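Enquirer:
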Amino acid sequence: MAGSCLLPSSPKSITVPQLLENFRRAWFEFRVLRAKRNQEASLPRRIAYLCRQWEKDQLCHGHDIAVTAFVVDHKAREESAQEAAMVSRWLTELGIKTQILELLWPQGAQTPSQVSAFETHARRLRFQALGRACRDHRIEALLMGHHRDDNVETTLWRLSSGARGAGLAGIPPVARIPECHGIYGVSESGSAVVLQPRQDVSSTGWCSTPEQTSRATDDSHKTTTPHPKIYMSTGGILICRPLLSFPKANLLATCHENQVPYVSDPTNFDATLTARNAIRSLLSSNRLPRALQPPSILSLVRNSQVLLQETTDLSNQLLQQCKILDINLTTCTLILKFPHPLSTPTSTSSSTNPQSHSTARHHKTHQIQTLTLRRITELISPFPENHFPLRSFEHFTSRVFPAPSTRNPITTISTRQTFTLGGVMFQPLDRNPTQLTQGDSTIADGYQSHHHNNENDSDNNHNQNYNYNGHGNIWLLSRQPFIRNRLPTLHFDVHVHVPKQHPTLATSPSQSEIQTQCPSTDPKYTPWRLWDERYWFRFSVILGSTDSLQDYPGYENIIDTISGMEKIPLVVRGFQKSDLAFIRQIANERPRYRSRHGNMSRRANKDPELDLLTQRLSREAPGQTRFTLPLVSITEGFRDLDRDLPLALPTMNMWLPGMHDFLRTLGPWRIQWEWMYKMVDTEPLKLMGGLEAP
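Position 546 of the sequence shown, counting from 1, maps to 546 under UniProt numbering, and the rest follow consecutively.
1. Which runs of the alpha helix (DSSP H) fall wholly inside the region 133-203 and span at least 4 residues, in chain order?
2. Taking the straight line between their C-alpha atoms, what separation do you get for Gln320 and Leu477?
3. When we look at the beta-carbon of Lys364 and count the other beta-carbons within 10 Å, is it buried (16 or more) or exposed?
4. In chain order, what residues of the same chain lie with their CB nearer than 6 angstroms to the CB of Phe393, ignoring the 5 residues before and after it?
5. Assuming contact is defined by CB atoms lying nearer than 9 angstroms, are Glu533 and Pro382 in contact in what I supplied?
6. Who pairs with Gly574 in a beta bridge, going by DSSP?
7. Checking 9 angstroms against the spacing of the C-beta atoms, do Val541 and Val571 come in under that value?
8. Could you spell out where the beta strand (DSSP E) holding Met688 opens and where it closes?
9. For Ala253, collect the residues of the same chain with a Cβ closer than 7 angstroms to its Cβ; drop the 5 residues on either side in sequence, then sort them by chain order.
10. Mind checking whether Ile230 and Tyr677 have CB atoms under 9 angstroms apart?
11. Quick check on this structure: which residue in Asn22, Thr651, Glu589 and Pro646 has the alpha carbon closest to the alpha carbon of Met659?
12. Glu78 to Asn22, Cα distance in whole Å?
13. If you draw a straight line from the C-alpha of Leu543 to the C-alpha of Ile568, how long is it?
14. Just to check my reading of the structure: Gln99 and Ala129 have Cβ atoms closer than 8 angstroms, yes? What is that Cβ distance to the nearest angstrom?
15. Here's the rule: buried if 16 or more other CB atoms are within 10 angstroms of the residue's CB, otherwise exposed. What is Val632?
16. Could you tell me which whole alpha helix (DSSP H) segments of length 4 or greater appear in the region 473-498?
17. Beta-carbon separation of Ile335 and Leu429 under 9 angstroms?
18. Excluding the 5 residues flanking Glu55 on each side, which residues of the same chain have their C-beta closer than 6 angstroms to its C-beta?
19. Could you have a look at Met86 and say whether DSSP puts it in helix, strand or coil?
20. Okay, do the region 70-85 and the region 110-127 touch, 3+ Cβ pairs below 8 angstroms being the bar?
21. Since Phe492 contacts Gly574 with CB under 8 angstroms, what's their CB separation in whole angstroms?
22. At which residues does the alpha helix (DSSP H) containing Asp73 begin and terminate?
23. Could you pull out every residue in the same chain whose Cβ sits closer than 6 angstroms to the Cβ of Leu530, ignoring the five residues on either side in sequence?
24. Could you name the residues of the same chain whose beta carbon sits closer than 7 angstroms to that of Thr377, not counting the 5 residues immediately before and after it, in chain order?
25. Report, in whole angstroms, the separation of the C-beta atoms of Ser189 and Gly236, which I expect to be a contact under 8 angstroms.
26. Please go through the same chain and pick out, in chain order, the residues whose beta-carbon is closer than 6 angstroms to the beta-carbon of Thr15, but skip the five residues on each side of it.
27. Which value, in whole angstroms, describes the spacing of the CA atoms of Glu93 and Pro527?
28. Less than 9 angstroms between the C-beta atoms of Asp313 and Lys248, yes or no?
29. Thinking just about the alpha-carbon of each residue, which of Pro622, Gln367 and Asn473 is nearest to the one in Gln417?
30. Can you have a look at Ile177 and say buried or exposed, based on whether 16 or more other CB atoms are within 10 angstroms of its CB?
31. Please confirm whether Asn151 and Leu244 have their CB atoms less than 9 angstroms apart.
32. Does the beta-carbon of Leu685 have 16 or more other beta-carbons within 10 angstroms, so that it is buried, or is it exposed?
33. Less than 8 angstroms between the CB atoms is what I'm expecting for Glu609 and Pro650, so what's the real figure, rounded?
34. The beta strand (DSSP E) spanning Met425 covers which residue range?
35. Could you spell out the range, first to last residue, of the beta strand (DSSP E) harbouring Lys97?
36. Residues in its own chain within less than 7 angstroms of Glu83 by CB, not counting five upstream and five downstream?
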């Protein structure tokens, strides 16, 4: 049995109090310590004994702690099933609830062990199986047995791969489960929280009901429109590594002392198999120079963690100098005023060399700006957190954080151009409104009004000598336009649901009421699914009330035959120019409203629903931004439709003109939806004044 201790110390067994102390410390540092006493955790087998002792100890003190062991059968070798059964039997004998998880490889694939990039695919399938198992068992924490040797190996491997900054901070004690993005209830999802914007932030983007929308078009109501509830996804499975401070030898000593059997994978010690195995071999044979030996690597990890925390703290200070003027998560837009170039915080330096100090200061300032720009971008980006490395943001900081050495900081418009970064489009809002589209002019009017209403604020006084065209360093952030022929699309086949209280079903709430309800489980909704890495959606199709069925042929037999009805094929995709053209065509064919006296009204040439849609798009989704909105449609071919039928803009809580009425001609049912914004780090939103502090 191969194994080595990377640090020359006498191996000692790990005690239950040590395990508990490390677990609590890691949990506290992650700032997600929950005030719950009924918790479960799953674990790897080498800490199974310690966790079982912890479980028994907590039960004796009246704490309801449950431990579950998951044994993964990779199906990579013929004997893998036997090994999984053997480990399961060992754990059961320890008194631990155990379940074997068999990995499901794609059908038609060759022998798993011969698949290209086997380790990568196996890791993804393994974490997805573990994540789903934790979700199904209502387990919050997945305990991993990573130890100090693993931390050294990982950091060395990253160092040899050219990593820097956060990449050299080692393995985190607590982290969100990887490889499970988009799996509801596993990755950054499972529950919801309400985002409450500050009352002094423009409410342009938070209108919900048609009544609120019409009021918002009046200048006198621009800053008084109430904010509807916006739900953000939260939750998911966390990985905790309580053994990172212990060398592997201590884990082995714990097993030997307590007669706990374990299995070692012989492929882990083949130095020719992987780069990590080669690093492990060099460490175990003590063939590395002192600078690359474990004590030096662990010192590097600690220093990197301190540097990372300092940079994050300084980034928080810079975020406080940014000002959110408008936030609209229903359309995924943000209007942000960036700070004066001289106000970027920097760390103190003890250097006595002025030139060296200046260079170090500039480098540190650039690091802070780079991290801050990524944190801001990720609020809107259609990509997971940390999807893009920090180095990809380095060349863009000067566009929003101009250097203080700029000779003429009141730069011309030509030097500030629209650019795309990290999936987000940055548009400067200092241009002459006469040069903008109608939608941009509306946004420009909004931020100008906000600026003048707050011209006596201290931050405006601080920046009064550095502005663009008198309005400050203000940008509109939105999701970048979709790439042609690569629209994000989700298909939902929704069964018609017959409520139990039918046929005395009461009239359903308006869509605006459904929008503000906390995500529920009734009526029967489809599973939650993530669209464009920004919005979670689910749908239900419900049989109409008795009154609505009376005009439908054969309504007396509809409940008996509903089980035989085809599913309603819904699609969530991006809103397109062709949809807008189709809507206008439909509006032109609709009858016009007449006055009470029977004469055509003065608005006879306008469709009020189309007019309302145009106003809201101009105000809340200016220019090309509107063509990044999600749209719900029914697929072509359903009930002989000759094209897919655009129905609604779900996050704006708005049926498209005429579509709600037309939908009734297709069947005696109604469509409902619920949505949540993706999980984001709310700290930048609070620091920039966009959300109320708790």
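All C-beta atoms in this analysis are idealised placements derived from N, C-alpha and C, irrespective of residue type, glycine included. Just so we're clear, the structure is a prediction, and the values are computed from it rather than from any experiment.
Expert: Once the coordinates are examined:
1. 148-160
2. 18 angstroms
3. buried
4. Thr370, Leu373 and Arg374
5. yes
6. Pro630
7. no
8. Run containing Met688: none; DSSP gives neither H nor E here.
9. Pro11, Lys12 and Ser13
10. yes
11. Pro646
12. 38 angstroms
13. 12 angstroms
14. Gln99 to Ala129, Cβ: 10 angstroms. No contact.
15. buried
16. none
17. yes
18. Ile65 and Val67
19. helix
20. yes
21. That pair is no contact at about 16 angstroms.
22. Counting along the chain, Asp73 falls outside any alpha helix (DSSP H), though it belongs to the beta strand (DSSP E) covering Ile65 to Asp73.
23. Gly182 and Trp536
24. Leu421, Gly422 and Val424
25. 6 angstroms
26. none
27. 38 angstroms
28. no
29. Asn473
30. buried
31. yes
32. buried
33. With a Cβ gap of about 17 angstroms, Glu609 and Pro650 do not count as contacting.
34. Val424 to Pro428
35. Lys97 to Glu102
36. Val263
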